[in-house]
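535 is the number that our numbering gives to position 73 of the sequence shown; each next residue is one higher, with no gaps.
Glycine included, each C-beta is placed from N, C-alpha and C at the ideal position.
Data block below; observations after.
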Amino acid sequence: MHLGEAGPGQLRLLRAYMAGAALPTLFLPFALAAYYAIRSGLEPMIGLERLVQFPLALAPLLWGIWNVVWAAQPEQKRLPLGVHGAVVPVVAAPLLVWGCGWLGVPLPEQAMAYIGPGVPLTMVLYFVLWRTVVGYLNRLLEVG
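Pasting the structure below:
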C-alpha cells in the first residue's frame, strides 16, 4: 500500500504523535522569542541558555510520545485524555532536574522553590490543554 493510499485506520500512531506534538511545536518559537527579548536586556548568565533550551527542545517530543502512549492503549483501559496529559509534568519535572544535572547546569534555588508548587498548577494547565487542544487534534486526525 502506498503512503498516500493509507486508509483511516492506517498510521494511527503517527497521527497521534503529530497531534500531541503540535501544540508545543507551535508554542516553541514564541517562547524562544520572548526569552531572547527578555534575555537581551540582562547581563550574561552562565548556563541559563542551556537551562531554558533543554525543556523547550524536549517538550514537542515528550508530548508526541505521550499521546502515542495514550492512543496505543486499548480504549477500555485508557485514562481520559485530560488526566493522561496532566501526568506529563510529573514525568517532565524529574527529567528537567536530571537533565540539568547531567548538563552541569545547577538549578537556581528560586527555580527549585517553584518546582513543588508549580507541578500541581502545571498539571491543571496541562489537563485543560490536553483535554481541549490535543483532544480536538486527536478527533480531527481520527486518532481514537
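Extent of the continuous alpha helix (DSSP H) to which residue i belongs
i, result
"L475", "474-501"
"G597", "597-602"
Three-state class that DSSP yields for residue i in the structure shown
i, result
"G544", "helix"
"V549", "coil"
"L520", "helix"
"G566", "coil"
"G606", "coil"
"Q535", "coil"
Alpha-carbon to alpha-carbon, residue j and residue i
i, j, result
"L565", "L475", "32 Å"
"W525", "H546", "11 Å"
"Y576", "M585", "14 Å"
"V559", "L569", "8 Å"
"L587", "A548", "8 Å"
"I527", "I500", "31 Å"
"V595", "L602", "10 Å"
"G563", "P556", "11 Å"
"A533", "L523", "15 Å"
"L473", "Q572", "44 Å"
"K539", "T487", "28 Å"
"W592", "P551", "12 Å"
"L490", "A521", "9 Å"
"E604", "V567", "41 Å"
Buried versus exposed call for residue i [16 or more other C-beta atoms within 10 Å across all chains shown]
i, result
"R477", "buried"
"V481", "Here the sequence assigns Ala to residue 481, which means Val is not the residue at that position. Answer is buried; the Cβ neighbour count reaches 16."
"Y479", "buried"
"V590", "exposed"
"V530", "buried"
"A496", "exposed"
"L519", "In the sequence on display, residue 519 carries Ala and not Leu. A519 comes out exposed."
"G583", "Sequence inspection shows Leu at residue 583; the Gly mentioned does not correspond to that position. Answer is exposed; the Cβ neighbour count stays below 16."
"L543", "buried"
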